[in-house]
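Each remark here refers to the structure printed beneath this line.
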Amino acid sequence: MTTTTTFVAAPAGAAGHPFPREVAESAGIPFRPGLAELRAAAEYVRGARHSLAAWLRDLVADDAAAAEIARRSYWHPNGFAKILLHTGVESGFRIRLHVWPAADVVSPGESNPHSHRWEFASYVLAGTGMHTVEFAETAEGGKPYRRYRYGTDPADPAALVADGAVRLKRLGVPHIRGGDVYTCGTSVVHTVRPVDAGLTATVVVQGPRRTPTTVVYCEPGESDDQPNGDLSADDFKNLVGAVLAGLGTEVAS
Numbered sequence: 092m093t094t095t096t097t098f099v100a101a102p103a104g105a106a107g108h109p110f111p112r113e114v115a116e117s118a119g120i121p122f123r124p125g126l127a128e129l130r131a132a133a134e135y136v137r138g139a140r141h142s143l144a145a146w147l148r149d150l151v152a153d154d155a156a157a158a159e160i161a162r163r164s165y166w167h168p169n170g171f172a173k174i175l176l177h178t179g180v181e182s183g184f185r186i187r188l189h190v191w192p193a194a195d196v197v198s199p200g201e202s203n204p205h206s207h208r209w210e211f212a213s214y215v216l217a218g219t220g221m222h223t224v225e226f227a228e229t230a231e232g233g234k235p236y237r238r239y240r241y242g243t244d245p246a247d248p249a250a251l252v253a254d255g256a257v258r259l260k261r262l263g264v265p266h267i268r269g270g271d272v273y274t275c276g277t278s279v280v281h282t283v284r285p286v287d288a289g290l291t292a293t294v295v296v297q298g299p300r301r302t303p304t305t306v307v308y309c310e311p312g313e314s315d316d317q318p319n320g321d322l323s324a325d326d327f328k329n330l331v332g333a334v335l336a337g338l339g340t341e342v343a344s
């Protein structure tokens, strides 16, 4: 039996752009894509920068699309934007754009060690690269943290629910350079930040939710109240405009 993935693109004039479907079809994305398919999709994005740029320009030019994308996107409390560009309903296949605007100091990025409920592959579209640190819980050594569960409160799915005191040790410090593709499974606990303070953007190809909850760790004394910020349609347009400008003439219309 053949299963057909349903795609939901941005509304109005941008809805007809073929790029999201091309990304999925290039990797033969199945009903529930795994890491191999997600990586293939991110590799396709890397090789189709002109098509990606054309899609982004269409989204920016479409006020209805920009408003809808802004509604489902947000500012992370550490000052970067998590933008949901596209979602495919049945497969859980999503395309995100994460943008760290240029700043005077390096962004802390996602500085709390955390895991994910879904697998993803990410392509560093703009910037020098990303610095990551991977962790594991340990009985001895390491550093003390407070563990929280994300997604356990039905009344507030975004709430962090305390889950005890633990210690974390470092497993490795992978560096992902500009232009690289990297993958991440649900068992990985890590932090992620840009290498430098310049504009940095990644295209994230996300798979379906694999686990009902995930973990977030905070250092002792650190507040677990870290709300996301609203992202406006103008924010979306300005961020995408900055990314396109940073890519230069290679993706010029």
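Numbering (this note's numbering), first residue to last: 92 to 344.
Just so you know, even glycine gets a beta-carbon here, dropped at the ideal spot from N, CA and C.
Quiz item: Can you check whether the CB of W146 is closer than 7 Å to the CB of H189?
Solution: Against the sequence shown, residue 189 aligns to sequence position 98. Against the sequence shown, residue 146 aligns to sequence position 55. No.
Practice problem: Determine, using beta-carbon pairs with one atom in the segment 249-259 and one in the segment 152-162, whether at least three such pairs fall under 8 Å. | Solution: no
Self-check item: Candidates G119, H205, R187, of which the one nearest D315 by Cα
Solution: Here the question's residue 315 lines up with position 224 in the sequence shown. Answer by Cα proximity: H205.
Quiz item: Based on the DSSP secondary-structure assignment, which residues constitute the bridge partners of D321?
Solution: For this step, residue 321 is matched to residue 230 along the sequence shown. Note: D321 sits in a beta bridge opposite Y165.
Exercise. Leaving aside the five residues before and after T95 along the sequence, list all residues of the same chain whose C-beta is less than 7 Å from its C-beta, in chain order.
Key: Taking the sequence shown and counting its residues from 1, the one referred to as residue 95 is at position 4. Reliability of the predicted coordinates at T95 is poor, the pLDDT of 40 falling under 50, and no value is obtained from them.
Self-check item: Inter-residue Cα distance where the pair is T199 and A155
Solution: Your numbering for residue 199 matches position 108 in the sequence shown. Your numbering for residue 155 matches position 64 in the sequence shown. The question names Thr, but residue 199 in the sequence shown is Pro. Going from the Cα of P199 to the Cα of A155 covers about 32 Å.
Self-check item: Under the three-state DSSP convention, the category R137 falls into
Solution: For this step, residue 137 is matched to residue 46 along the sequence shown. Note: R137 maps to helix in three-state DSSP.
Practice problem: Have a look at P192, F226, E201 and flag the residue whose alpha-carbon is nearest the alpha-carbon of N169. | Solution: In the sequence shown, residue 169 corresponds to position 78, counting from 1. Minimum Cα distance to N169 is reached at E201.
Quiz item: Which residues in the same chain as P299 place their Cβ atom closer than 8 Å to its Cβ, once the five residues preceding and following it in sequence are excluded?
Solution: In the sequence shown, counting from the first residue as 1, residue 299 sits at position 208. These residues qualify, in order along the chain: R123, P124, S182, G183, F184, W209.
Quiz prompt | G233 and L216 closer than 7 Å at C-beta | solution = By 1-based counting over the sequence shown, the position of residue 233 is 142. By 1-based counting over the sequence shown, the position of residue 216 is 125. The answer is no: Cβ separation not under 7 Å.
Quiz item: Can you give, in chain order, each stretch of the beta strand (DSSP E) that sits fully within the segment 205-284 and has at least 3 residues?
Solution: 209-217, 220-228, 234-241, 251-263, 266-268, 272-275
Practice problem: Tell me, to the nearest whole angstrom, how far the beta carbon of V224 is from that of H281; I am working on the premise that it is less than 8 Å. | Solution: Within the sequence shown, numbered from 1, the residue matching residue 224 stands at position 133. Within the sequence shown, numbered from 1, the residue matching residue 281 stands at position 190. Indeed they touch by this definition, with Cβ atoms about 6 Å apart.
Quiz item: Going along the chain, which residues of its own chain have a beta-carbon closer than 7 Å to the beta-carbon of K173, five neighbours each way excluded?
Solution: Position 82 of the sequence shown, counted from the first residue, corresponds to residue 173. Here the set comprises S164, Y165, H167, R187, H189.
Quiz item: Rounded to a whole number of angstroms, what is the C-alpha to C-alpha distance between S323 and L330?
Solution: As a first step, residue 323 is located in the sequence shown; it is residue number 232 there, counting from the start. As a first step, residue 330 is located in the sequence shown; it is residue number 239 there, counting from the start. Straight-line Cα distance between these residues: approximately 11 Å.
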